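Residue numbers (the numbering used here), protein chains in the order written: chain A, 46 to 160; chain B, 144 to 256. Beta carbons: idealized from backbone N, C-alpha and C, even for Gly. None of the values given here were measured: they were computed from a predicted structure. Report on the structure given below.
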């Protein structure tokens, strides 16, 4: 079945550091890929998405590129802030249009940004 | 818009008791999902509805779990009888159409002692 693997952390960085959170996936066909963010005590929020190969999703300074050849969707940010501290989840949807049938999530990466 | 509303935020119950978790999706959304989050297993899809009809409940762990959606604005997830291994955070999410970007509620943290 479909699966998502991401570094679990915690990942601890200093403010203004460069961030990379790795995510790789296993799926048949052409899935859509997502990054969600969960702040303490809150539900998950969609951060960015990509629905086909070579698409780049971006939001709030974060970026991720859908790499079909390496089955990856790594999350990057050039300069992190303390407010970026949260848990980040990589996820896939089996339908290329980003359809329902539920999302398959990675286990989440806890990011801690120190001032 | 108030977003997806879940209640209660926290629930502590004794083993063997019945637990009911509630969810109010965003008005107009036609898909509703129930997820469970644990440290060991991460986020797992339990069941989802489309237009109040259960579409896929293959993620429901066992017969102790049941979910209903009597109308477009309300869903429940019931566990009877509850067990300590059911302790987790349960999230409800809704979306308009099957597209991506579900809106999640803040979750219900369930502790079964």
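* Residues in the segment 160 to 179 of chain B with C-beta within 7 Å of chain A's C-beta atoms, listed in sequence order? -> 174 and 176
* residue 176 (chain B) burial status per 10 Å Cβ neighbour count (16 or more: buried) -> Indexing the second chain from 1 puts residue 176 (chain B) at position 33. Buried.
* Min CB distance residue 91 (chain A) to chain C below 9 Å -> The structure shown contains no chain C; its protein chains are A and B.
* Is residue 186 (chain B) close to chain A, meaning its C-beta is less than 9 Å from at least one C-beta of that chain? -> Sequence index remark: in the second chain, residue 186 (chain B) carries index 43 (1-based). Residue 186 (chain B) counts as touching chain A.
* Asked: Mind checking if residue 196 (chain B) is an interface residue toward chain A, Cβ cutoff 9 Å exclusive?
  -> For the purposes of this step, residue 196 (chain B) is taken as residue 53 along the second chain, with counting starting at 1. No, no contact with chain A.
* Among B:236, B:253 and B:248, which residue has its Cα nearest to the Cα of residue 190 (chain B)? -> For the purposes of this step, residue 190 (chain B) is taken as the residue at position 47 of the second chain. Nearest of B:236, B:253 and B:248 to residue 190 (chain B), Cα basis: B:236.
* Enumerated in chain order, which unbroken segments of the beta strand (DSSP E) with a length of 3 residues or greater are wholly contained in the segment 58 to 89 of chain A? -> 64 to 66, 68 to 71 and 77 to 83
* Asked: Where does the unbroken beta strand (DSSP E) through residue 100 (chain A) begin, and where does it stop?
  -> Here residue 100 (chain A) refers to the residue found at position 55 when the first chain is read from its first residue. No beta strand (DSSP E) holds residue 100 (chain A); DSSP gives it neither H nor E.
* Asked: Roughly how many angstroms lie between the CA atoms of residue 47 (chain A) and residue 64 (chain A), to the nearest whole one?
  -> Mapped onto the first chain, residue 47 (chain A) falls at position 2. Mapped onto the first chain, residue 64 (chain A) falls at position 19. Distance between the alpha carbons of residue 47 (chain A) and residue 64 (chain A): 26 Å.
* Same chain only: Cβ atoms within 7 Å of residue 62 (chain A), ignoring 5 sequence neighbours per side -> Residue mapping note: residue 62 (chain A) aligns to position 17 of the first chain, counting from 1. The residues are 125.
* To do: Would you kindly check if the distance between the Cβ of residue 187 (chain B) and the Cβ of residue 256 (chain B) is under 9 Å?
  => As a working note, residue 256 (chain B) is residue 113 in the second chain. As a working note, residue 187 (chain B) is residue 44 in the second chain. No, the pair does not count as a contact, with Cβ atoms beyond the cut-off.
* Asked: Taking just the CA atoms, how far does residue 88 (chain A) sit from residue 173 (chain B)?
  -> Position 30 of the second chain, counting from 1, holds the residue named residue 173 (chain B). Position 43 of the first chain, counting from 1, holds the residue named residue 88 (chain A). Near 19 Å, if we compare the C-alpha coordinates of residue 88 (chain A) and residue 173 (chain B).
* Asked: Can you find a CB in chain B that lies within less than 9 Å of the CB of residue 69 (chain A)?
  -> Translated into the one-based positions of the first chain, residue 69 (chain A) becomes position 24. Closer than 9 Å: no.
* Asked: In terms of residues, what are the limits of the beta strand (DSSP E) holding residue 201 (chain B)?
  -> Position 58 of the second chain, counted from the first residue, corresponds to residue 201 (chain B). First-last for residue 201 (chain B): undefined, no H or E at that position.
* Asked: Do three or more CB pairs link the segment 158 to 173 of chain B to the segment 66 to 78 of chain A at distances below 8 Å?
  -> no
* Thinking C-alpha only, which one of B:219, B:179, B:180 and B:223 is nearest residue 197 (chain B)? -> Looking up residue 197 (chain B) in the second chain gives position 54. Selected option, being the one with the closest Cα: B:219.
* **Any C-beta of chain B under 9 Å from that of residue 42 (chain A)** => Because chain A here runs from 46 to 160, residue 42 (chain A) falls outside it and cannot be looked at.
* Report the residue from A:104, A:127, A:117 and A:159 whose alpha carbon sits nearest the alpha carbon of residue 135 (chain A). => On the first chain, residue 135 (chain A) is found 90 positions in, with the first residue counted as 1. Taking only the C-alpha atoms, the option nearest residue 135 (chain A) is A:117.
* What's the C-alpha gap between residue 167 (chain B) and residue 213 (chain B)? -> Position 24 of the second chain, counted from the first residue, corresponds to residue 167 (chain B). Position 70 of the second chain, counted from the first residue, corresponds to residue 213 (chain B). Each residue's alpha carbon lies about 11 Å from the other.
* **Reduced DSSP secondary structure (H/G/I, E/B, other) of residue 228 (chain B)** => If you number the second chain from 1, residue 228 (chain B) lands on position 85. Residue 228 (chain B) falls in the helix class under three-state DSSP.
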